[in-house]
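Asker: Sequential numbering from 39 applies to the sequence shown in my numbering. Beta carbons: idealized from backbone N, C-alpha and C, even for Gly. Please read all numbers here as calculations on a predicted model, not as lab measurements.
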Amino acid sequence: MSSFANPAMNMNHIIAKAEAIHLERQILALQALYPTQGYTVKRVAGSTTILSPAMLGRKLNHTYGFALEGEVTMDDLHAIEAAYEQNGVHPEIDMCEFADGSAFDLLSAQYTVTGSLWEYQRSLSDFQGPAMLGSGITVSILGLEGHDAFIQASVDGFSSTGRAPELLKLLAESAAACSSFRYDVILSFPGR
């Protein structure tokens, strides 16, 4: 029986694919904004490898969705490794529970698991709109004139993650530059 017979499993697979698309769009937006900075997307065997200047670290230098579309080979892995080598960073490969077993076999021979991430989803229909935000929180939808405010609010809002302000600014700029980005939205919290 296919795992796609279970609607929750199918949704998880869709979310994993959406994450790969999101990462690719992030890098493509940065390519358009900074064409000489070395932002690269490489697609191998259904995976998306994003590469950027090495100083930006793992956030903009990793592979997502390895073996998500099926079996992978040593040639696929070597193609990904060559892209990293050319960029001067060590390979970082993310896989989800839907990865084909061939990936686990390939990677276990020469890689070490350094972490895991579990993603969960919940239907937005379960939420009660503005009531879920709590009191004192406002949502502002700005037009293009709010671009700079969005960038600064994003940097400020994510500064507690420990990521460099330069990286946070690039991530906000890539979000605002994506063709799928329609509005600059700013959440304001009391006391912030």
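Helix, strand or coil: how does DSSP classify R201 here?
Answerer: By one-based count along the sequence shown, residue 201 stands at place 163. Correct three-state label for R201: coil.
Asker: Considering Cα atoms alone, identify which of M93, A105, Y72, S154 is closest to T87.
Answerer: For the purposes of this step, residue 87 is taken as the residue at position 49 of the sequence shown. Considering only alpha carbons, the answer is A105.
Asker: Considering Cα atoms alone, identify which of L209, A214, D194 is closest to G184.
Answerer: In the sequence shown, counting from the first residue as 1, residue 184 sits at position 146. Among L209, A214, D194, the Cα nearest to that of G184 is on A214.
Asker: In angstroms with no decimal places, state the Cα-to-Cα distance between T74 and A67.
Answerer: Here residue 74 corresponds to residue number 36 of the sequence shown, with the count starting at 1. Here residue 67 corresponds to residue number 29 of the sequence shown, with the count starting at 1. Cα to Cα, the separation comes out at about 13 Å.
Asker: Taking just the CA atoms, how far does L144 sit from N112?
Answerer: By 1-based counting over the sequence shown, the position of residue 112 is 74. By 1-based counting over the sequence shown, the position of residue 144 is 106. Residue 112 is actually Met in this sequence, not Asn. Near 7 Å, if we compare the C-alpha coordinates of L144 and M112.
Asker: Out of K80, S198, H51, which one is the CA nearest neighbour of H116?
Answerer: Within the sequence shown, numbered from 1, the residue matching residue 116 stands at position 78. Selected option, being the one with the closest Cα: K80.
Asker: Specify, as a first and last residue, the run of the alpha helix (DSSP H) that H116 falls within.
Answerer: Residue 116 sits at position 78 when you count from the first residue of the sequence shown. It spans 112 to 125 - the alpha helix (DSSP H) in which H116 sits, taken as one unbroken run.
Asker: List the endpoints of the continuous alpha helix (DSSP H) containing L145.
Answerer: Within the sequence shown, residue 145 is the residue found at index 107, counting from 1. Here the alpha helix (DSSP H) through L145 covers 139 to 146.
Asker: Between L206 and S212, is the Cβ-Cβ spacing less than 8 Å?
Answerer: For the purposes of this step, residue 206 is identified with residue 168 of the sequence shown, where counting begins at 1. For the purposes of this step, residue 212 is identified with residue 174 of the sequence shown, where counting begins at 1. The answer is no: Cβ separation not under 8 Å.
Asker: Between the Cα of D132 and those of H100, G181, I59, spot the shortest distance and give me the residue it belongs to.
Answerer: As a first step, residue 132 must be located in the sequence shown, where it is residue number 94. It is H100.
Asker: If you count every other CB in all the chains shown that lies within 10 Å of the CB of Y102, and 16 or more means buried, which is it?
Answerer: The residue labelled residue 102 in the question sits at position 64 within the sequence shown. So Y102 ends up on the buried side.
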